[in-house]
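Report on the following structure.
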Amino acid sequence: MAGAATAGRARGLPLLFAALLAWGAGGFAAYKEYRSPFPPPGEIHVPPQGAAGDMFALAFGARRVFADLWFVRLMQYYGTADLSEHEAHAAGGSHQGCSHGADFGGGNYPLFLPLARHILEIDPGFVSAGLYGAGALAFNINRTTEAEELLAYGLRYSPKEWKYLNVLAAIGYSKAGNPAAVAEQIQPLLKEPECPVMLKQLSAFLNKKAGNYAAAAVIYADIAATSHDAAYVENARRELSRLAGRTEK
Amino acid sequence: MRNFLPLAWAVAVNSFVESVRHRFFTLFSVFAFTAIYASLLAGVMAVDQEARVLADLGLALMELTALAYVLFQVSSSLLKEAETKTIYLVFSRPVPRGAYLAGKMGGVMLTAAFMLAVMGCMHLALLSFRGFPPPEAYAWALAGSFFKLAVITAFAFFVSLFSTSSVSTLVISGIMWTLGHFVSETRFIAEQAPGVKAALLKGAILLIPNLQLFNARDAAGVTGALSPTAVFSGAAWILAAYFASLWLLARKEF
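Listed in order, the protein sequences are those of chains A and B.
Take 1 as the starting number for the first sequence in this note's numbering and just add one per residue.
Take 250 as the starting number for the second sequence in this note's numbering and just add one per residue.
Written out as structure tokens, the structure reads:
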């Protein structure tokens, strides 16, 4: 009886050997093939109260979802200060100086760069977030160096991303005080689905300032038709009605 | 041996029907629908990135819901059959243990595929309801999730054959799931580490199935096709777990 059991176990050994061989083959092929497209963990600078989320992002292979959530947090952060400003003005009975136009979001946001960079650290493929962050930093908050830093980081993992290069060039023209060239650089981005509405708004504003009312109207119409951001849509409609009577320079 | 495939298929279909009829399946379906529907809220908060957020959150929730149900099924499946003595009835007939095991694994994998397909339809309907087209390479993202679930299912079967309770199977498989997603980080640490530490970490990488290989839904911003190597590795890991499970099953006396 014991002999039969021993014989049974011996018959099972090829199975064990086959299992080890197959597991090793799978592991070896994966090791040879796989190169992570993501930044290494040492590059992830976790903003306050974000460590647990980042842990889940890595542990569940859910980088995109957590990058999305960080993007929502960035937008909430970017919206909050301006809303407070707006509410303070409303309480004072005057909206004078309220920034709802081209300067929307022109407040002081010390955590903007770390939050925007963190999105790219989690998911460097989130081009919209990179463009949104760089655009806001460069053209709304007027921190061009930080915008360039963010774009440089984005380009490290997406070196062929022409949209980053275009915004980088636009920032250069902006620094040189050439708004027409800024608008020209941003122009090709406007047709892209990743183009943040804020850059569209900037382009429309620059075109309007330069007297290109027809071009500005086209962009405002696009914003009004495609954006889900009520503030931008409302502003675009208002601008469209203003532009209706104007003629080109 | 000639009857291996028909027998395995019969067990798989039986196992699939049983798991779909389970009351927990309805519970999980309701949960999945609620969770995917709730992702609408996050989508609205993302304003102009609503389509991306809805797609990402939906895909992640679908995968996690299917994972939870699949692990629940695997951890209780063989244990329950042994407890209720059903397994004796099966093995008293001319059913090879290999066919039985393949059928059981296949049944759970069919359930995973079915869940992903149903939830995928729900998700696409929701996206369409919000006016968005299906995300790029959506089918690949689902295929990747299925491969991950198939690998972890096979591994969980192996664990369930030596673990003493369903909870330990759940915990060990859950840990493997997590480690499987950490392989690229482990590799980075191994490349920085000196001498023996590096060798140990590299050895660990070979032992842990790299689930990031199948993570098409997360692939650097653009969901893409699974590589042939990913498919080969996945098949090898499933086969390995099957052989190892069969080795354990062959040693058990029923």
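We put the beta carbon where it would ideally sit given N, CA and C, even for glycine.
If you draw a straight line from the Cα of residue 142 of chain A to the Cα of residue 120 of chain A, it is about 21 Å long. A direct Cα-Cα distance of roughly 12 Å separates residue 256 of chain B from residue 356 of chain B.
About 5 Å separates the beta carbons of residue 346 of chain B and residue 498 of chain B, which is inside the 8 Å limit, making them a contact pair. For the set B/276, B/352, B/412, B/465, the Cα lying nearest the Cα of residue 315 of chain B is the one of B/276.
Listed along the chain, the chain A residues whose CB falls inside 7 Å of the CB of residue 384 of chain B amount to none; the nearest CB is some 11 Å away.
CA-to-CA, the gap between residue 334 of chain B and residue 117 of chain A works out to about 58 Å. Shown here, residue 501 of chain B sits in coil according to DSSP, grouped into three states, outside any helix or strand. The Cβ of residue 432 of chain B sits closer than 9 Å to at least one Cβ of chain A.
For the pair residue 439 of chain B and residue 450 of chain B, the CB atoms are nearer than the 9 Å cut-off. The three-state secondary structure of residue 177 of chain A, taken from DSSP, is coil. Distances from the CA of residue 321 of chain B to each of B/406, B/350, B/485, B/478 were compared; the closest alpha carbon is that of B/406. Residue 175 of chain A is outside the set of residues whose beta carbon lies under 9 Å from a beta carbon in chain B.
Contiguous alpha helix (DSSP H) elements confined to the region 301-356 of chain B occur at 335-340, taking only those with 4 or more residues. Contact of residue 162 of chain A with chain B is not assigned, every C-beta pair being separated by 9 Å or more. Residue ranges of uninterrupted alpha helix (DSSP H) with 4 or more members, entirely inside the region 204-248 of chain A and ordered along the chain, are 213-226, 230-243. Straight-line spacing of the CA atoms in residue 180 of chain A and residue 201 of chain A works out to 14 Å.
When only Cα atoms are considered, residue 397 of chain B and residue 371 of chain B end up about 21 Å apart. For the options A/12, A/210, A/31, A/21, the alpha carbon positioned closest to that of residue 429 of chain B is the one of A/31. In the structure shown, the three-state DSSP call for residue 166 of chain A is helix.
The residue among B/485, B/308, B/433 with its C-alpha nearest the C-alpha of residue 42 of chain A is B/433. Residues of chain B with a Cβ closer than 8 Å to the Cβ of residue 33 of chain A are, in chain order, 462, 476, 478, 479, 482. Its chain contains 223, 227, 229, 232 as the residues whose beta carbon lies nearer than 7 Å to that of residue 197 of chain A, once the 5 sequence neighbours on both sides are disregarded; these appear in chain order.
A check of alpha carbon separations from residue 306 of chain B across B/290, B/461, B/318 identifies B/290 as the nearest. One finds nothing in chain B with a Cβ atom closer than 8 Å to the Cβ of residue 159 of chain A; even the nearest lies about 13 Å away. DSSP places residue 160 of chain A outside both helix and strand once states are collapsed to three, so it counts as coil.
For the region 11-28 of chain A, the beta-carbon criterion of a distance under 7 Å to any beta-carbon of chain B is satisfied by 12, 15, 16, 18, 19, 22, 23, 24, 25, 26, 27, 28. By the rule that beta-carbons nearer than 9 Å mark a contact, residue 427 of chain B touches chain A. Look at residue 397 of chain B: its C-beta is under 9 Å from a C-beta on chain A.
With 16 or more other Cβ atoms inside 10 Å of its own Cβ, residue 208 of chain A counts as buried.
Following the DSSP letters along the chain, one finds residue 441 of chain B inside the alpha helix (DSSP H) bounded by residues 432-441. In terms of Cβ geometry, residue 185 of chain A and residue 204 of chain A do not form a close pair [threshold 9 Å].
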